[in-house]
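Here's the structure, in structure tokens; my notes come after.
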Amino acid sequence: MKKINIIILLTIICSCSPNNKKISDGIERIPVEVDKVSRDALSFLEKIEIIPLETNDSSLLYRCNKVIYDKSTDLFAIYTSDQIIYTFSGNGKYIDNSKRRNGQGPKDYIMVLDINFNPYLKGIDLLNPYGTIYTYSPTFELLAKRKFKPEFPVDYFLALDTNDYIFTNPFIWTDQEVSFVNLETQQVINANYEGTISGNTMAHSCFYNIGEHFYFVPLGLNYYFYRIDTKEKKLEAIMYLDFGKSEVKADGLPGRAGGKRTDSDDERRKITEEATERYQFLKKSGEILPLLKFFNDDYVYLYLAKAVRGYGSHFIYNRKTKKGFLLKDGKPFVMYPCFGITDNILFAICQPDMVSQYIDRSLMSPQEIYKMEKLKEDDNPVILKYYLK
55 MKKINIIILL
65 TIICSCSPNN
75 KKISDGIERI
85 PVEVDKVSRD
95 ALSFLEKIEI
105 IPLETNDSSL
115 LYRCNKVIYD
125 KSTDLFAIYT
135 SDQIIYTFSG
145 NGKYIDNSKR
155 RNGQGPKDYI
165 MVLDINFNPY
175 LKGIDLLNPY
185 GTIYTYSPTF
195 ELLAKRKFKP
205 EFPVDYFLAL
215 DTNDYIFTNP
225 FIWTDQEVSF
235 VNLETQQVIN
245 ANYEGTISGN
255 TMAHSCFYNI
265 GEHFYFVPLG
275 LNYYFYRIDT
285 KEKKLEAIMY
295 LDFGKSEVKA
305 DGLPGRAGGK
315 RTDSDDERRK
325 ITEEATERYQ
335 FLKKSGEILP
345 LLKFFNDDYV
355 YLYLAKAVRG
365 YGSHFIYNRK
375 TKKGFLLKDG
385 KPFVMYPCFG
395 ITDNILFAIC
405 QPDMVSQYID
415 RSLMSPQEIY
425 KMEKLKEDDN
435 PVILKYYLK
């Protein structure tokens with residue numbers, strides 16, 4: 055095997071320091087108003103539709119860890135807590151599942167942490183934390199099985215082209231770092247970013263492909279979004295979430311936000327304890343924390359929560375009109391936390407017996423209401439589609 059060349063590329067972006075309030079030119083500022091609740095859902099939503107996922111003996115699934123949707127193939131892929139992937143068409147028709155591929159055989163996969171669509175191989179990538187990438191068709195025929203030797207375990211990833219990928223490591227191994235890897239040459243280039251104040255969120259994705267560009271949205275409490283420079287192998291801050299007085303400052307917080315490169319198990323144990331200390335402190339502080347964050351060319355979506363009982367808040371920002379909309383405390387209606395956006399559609403997934411709690415009937419056609427009323431408690435989960443104006 056070719057020797058892996060490790061190149062540390064420090065991308066220093068002064069504007070990303072949590073203690074520096076000045077936003078550099080070229081970084082889009084997103085004003086997040088956490089108290090101005092939208093009065094009417096019609097001010098930002100066109101309609102709501104639902105997609106019941108087909109339920110049969112082969113398709114029945116539980117505990118969705120990650121849901122992804124690909125517009126070009128009109129395909130949903132759902133990764134569950136038992137490491138099985140299910141595929142459904144855009145209208146909810148069941149296609150297949152990966153149960154027969156979860157094992158020790160030459161065409162099987164083991165110990166998968168993340169999945170993503172691979173448009174270059176026309177399949178679904180599955181990531182093993184020790185550097186194996188399995189690529190399957192939507193019907194789980196093995197298309198490719200490729201390996202590299204990561205310096206540390208990897209946990210999230212995205213294909214940048216046929217051979218180039220980008221990865222993150224679990225927080226205890228590195229400090230705010232991504233790795234660019236070429237599977238053919240085995241070259242690894244590490245790039246740093248800044249701004250993370252604390253780890254632990256609800257997010258299940260951090261890499262996004264929007265049009266011809268790639269983006270990185272750091273996991274944890276970080277107010278910046280980054281563009282991935284695939285040529286220079288670096289990250290460039292392109293968006294800042296401005297929470298004003300509600301922004302959490304790193305100064306004075308206990309513990310730490312992330313890890314560092316170390317070979318000491320004792321040091322990693324200490325890092326874990328200190329990171330948990332900070333997270334638990336923030337969890338009890340009553341601060342407003344963005345737990346889900348993603349965007350496309352037209353919108354920014356955030357799911358916010360405090361460490362108190364009650365509904366989380368949703369903030370939707372229209373990048374063209376420069377207007378923000380906030381759903382809070384069940385007003386103007388209760389919305390389910392979303393997992394992605396395509397064009398003007400926000401996607402969420404919830405259990406069938408909960409759907410009626412997370413919709414506004416005035417935004418649904420009689421046909422959609424009829425579909426909702428036919429749902430049974432033991433059916434598969436349901437995809438919710440919130441159409442933005």
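Positions in the sequence shown are counted from 1; adding 54 to them yields my numbering. For glycine and all other residues, C-beta sits at the position ideal for the given N, C-alpha and C.
Thr228 is positioned such that its CB atom lies no closer than 7 Å to that of Tyr210. Using a Cβ distance threshold of 7 Å, Tyr355 and Ile370 count as a contacting pair. In this structure, the beta-carbon distance from Leu345 to Thr255 falls below 7 Å.
Counted as a single uninterrupted DSSP element, the stretch harbouring Lys376 is not any beta strand (DSSP E), since DSSP gives it neither H nor E.
Counting every other CB atom within 10 Å of its CB across the protein chains shown gives Arg154 a total below 16, marking it as exposed. Close CB contacts of Phe206 within its chain, under the 6 Å cut and outside five residues either way in sequence, are with Asn223 and Trp227 (chain order).
Between the alpha carbons of Arg415 and Ser339 lies a distance of about 36 Å.
Taking all protein chains shown into account, Met389 has 16 or more neighbouring C-beta atoms within 10 Å of its C-beta and is therefore buried. In terms of CA proximity to Asn350, Leu442 leads the group Phe171, Leu442, Thr109 and Phe234.
As the crow flies, the alpha-carbon of Lys285 is around 15 Å from that of Phe270. By the criterion of at least three beta-carbon pairs nearer than 8 Å, the segment 295–306 is not in contact with the segment 235–243.
Runs of the beta strand (DSSP E) lying entirely within the segment 305–332, each at least 3 residues long, are absent. Listed as beta-bridge partners of Gly177 by DSSP are Asn172. Distance between Arg117 and Ser259, taken at the CA atoms: about 16 Å.
By the C-beta density criterion, Tyr333 is buried, having at least 16 other C-beta atoms within 10 angstroms. Between the segment 118–130 and the segment 170–187 there are three or more inter-stretch CB-CB distances shorter than 8 Å, so the stretches are counted as touching.
Note on Met165: under 16 other CB atoms within 10 angstroms of its CB, so exposed under the neighbour-count rule. Counting every other CB atom within 10 Å of its CB across the protein chains shown gives Lys288 a total of 16 or more, marking it as buried. Going by beta carbons, Arg310 and Ala329 fall inside the 7 Å limit. Only buried fits Tyr133, as 16 or more other CB atoms lie within 10 angstroms of its CB. By the Cβ test, the segment 106–114 is in contact with the segment 131–146, since at least three Cβ pairs between them sit closer than 8 Å. The closest CA to that of Asn372, considering only Asp397, Lys360 and Asp383, is found on Asp397. Among the bridge pairs identified by DSSP, Ser143 is matched with Leu129. Annotated as proximal: Pro391 and Tyr357, with beta-carbon spacing under 7 Å. Ile264 has its alpha-carbon roughly 12 Å from the corresponding atom of Tyr353.
Counting the other CB atoms within 10 Å of its CB gives Glu248 a total of 16 or more, which places it among the buried residues. Looking from the CA of His368, the closest CA among Lys376, Phe348, Lys374 and Thr375 belongs to Phe348. Contact between Tyr294 and Ile81 is confirmed by a C-beta separation of about 5 Å, below the 8 Å threshold. Sequence-distant Cβ neighbours of Glu331 in its own chain, meaning closer than 7 Å and more than five residues away, are Pro308 and Gly309. The beta-carbon distance between Lys439 and Glu103, rounded to whole angstroms, is 4 Å. This is short enough to meet the 8 Å contact definition. Counting only residues of its own chain and dropping the five nearest sequence neighbours on each side, Leu180 has a CB closer than 6 Å to the CB of Tyr163, Val166, Ile169 and Tyr188. For the 7 Å CB-CB criterion, Leu212 and Lys161 do not form a contact. The three-state reading of DSSP puts Asp383 in coil, since its state is none of H, G, I, E or B.
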